[in-house]
Amino acid sequence: NAGVMQNPRHLVRRRGQEARLRCSPMKGHSHVYWYRQLPEEGLKFMVYLQKENIIDESGMPKERFSAEFPKEGPSILRIQQVVRGDSAAYFCASSPTRGETQYFGPGTRLLVL
Amino acid sequence: SQQGEEDPQALSIQEGENATMNCSYKTSINNLQWYRQNSGRGLVHLILIRSNEREKHSGRLRVTLDTSKKSSSLLITASRAADTASYFCATEPGGGNKLTFGTGTQLKVEL
């Protein structure tokens, strides 16, 4: 049973470009969470999705950030017109049901030049 | 202080010694989880303790939870160099969606 998978592992973008981060949850998990970690800090919640639905996006910046979890395929975190402050590690986690252990992927490290 | 704040921020011990890390939080919780993160890597789930539990063991790990004090502790016994990592507590409020992480304790175990 493969764990949570994220790709790419590293992503370099120039200011103004778009970044697309993908997350495939563990088999049998329909709940996906995205977190952001700035250097030397803990993880900060961004968004919680269940298949085709955004359940809680209270941690998402109001502009440029969006997330989806379609019926088929991975969850996508999309950052439009990236700025240097978006440079961080973005982690995805999944759980089988609400309120259970969240299992984390290896993260995508985004660097904005 | 923030929800899920660990203490100390950094801890350096000798191999074989025990390491204790503490976590304090502010709001009511459904459960509290401890994670380990090696430098530049993802998070590894260590243990989950529910709000109605007081103590839990897993191998060399022992976690306690005191909901009246809104605090938890993680004890690693007989530490090894491979335990060197950052340790985070994460709280989940009732309703079960997002985790709130502290800033972590950086543990260094020296040979």
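Chains B and F, in that order, are what the protein sequence lines are. The letter at position 51 of the first sequence is residue 51 when you use this note's numbering, and the numbering goes up by one with no holes. Quick note, this note's numbering runs 113 ahead of the 1-based positions in the second sequence. In this text, a Cβ means the ideal position worked out from N, Cα and C, and glycines have one as well.
Under the Cβ distance rule, Glu205/F counts among the residues neighbouring chain B, one pair being separated by less than 8 Å. It is roughly 27 Å from the alpha-carbon of Ser66/B to the alpha-carbon of Tyr148/F.
When the beta-carbon positions are compared, Leu174/F and Leu159/F come within less than 8 Å of each other.
For the region 87–109 of chain B, residues whose beta-carbon sits nearer than 7 Å to a beta-carbon of chain F comprise Phe91, Arg98, Gly99, Thr101, Gln102, Tyr103, Phe104, Gly105, Pro106 and Gly107. Looking at Leu124/F, Gly153/F and Val222/F, the one whose alpha-carbon comes closest to that of Ser192/F is Val222/F. Straight through space, the alpha carbons of Thr213/F and Ile55/B are spaced by roughly 16 Å.
Counting only runs of at least 4 residues, the region 29–84 of chain B fully encloses no alpha helix (DSSP H) element at all. Proximity of Gln122/F to chain B, defined by a Cβ-Cβ separation below 8 Å, is not satisfied. Secondary structure at Ala2/B: coil, using DSSP grouped into helix, strand and coil. Between Glu18/B and the set Asp86/B, Pro74/B and Cys92/B, the nearest pair of CA atoms involves Asp86/B. For Glu68/B, there are no neighbours in chain F by C-beta distance under 9 Å, as the nearest C-beta there is about 17 Å away. DSSP places Ala203/F within a strand segment (E or B) once states are collapsed to three.
At a C-beta separation below 9 Å, Phe45/B has these neighbours in chain F: Asn210, Lys211, Leu212, Thr213 and Phe214. Annotation: Ile54/B has no Cβ neighbours in chain F at a cutoff of 8 Å; minimum Cβ distance is about 11 Å. The C-alpha of Met134/F lies about 14 Å from the C-alpha of Asp179/F. Thr216/F sits away from Pro121/F, with the two beta carbons spaced by 8 Å or more. About 5 Å separates the Cβ atoms of Leu111/B and Val12/B, confirming a contact at the 8 Å cut-off. When Lys44/B, Pro25/B and Gly16/B are compared, the shortest CA-CA separation from Ala88/B is found for Lys44/B. Between Gln50/B and the set Leu38/B, Gly16/B, Glu63/B and Ala93/B, the nearest pair of CA atoms involves Ala93/B.
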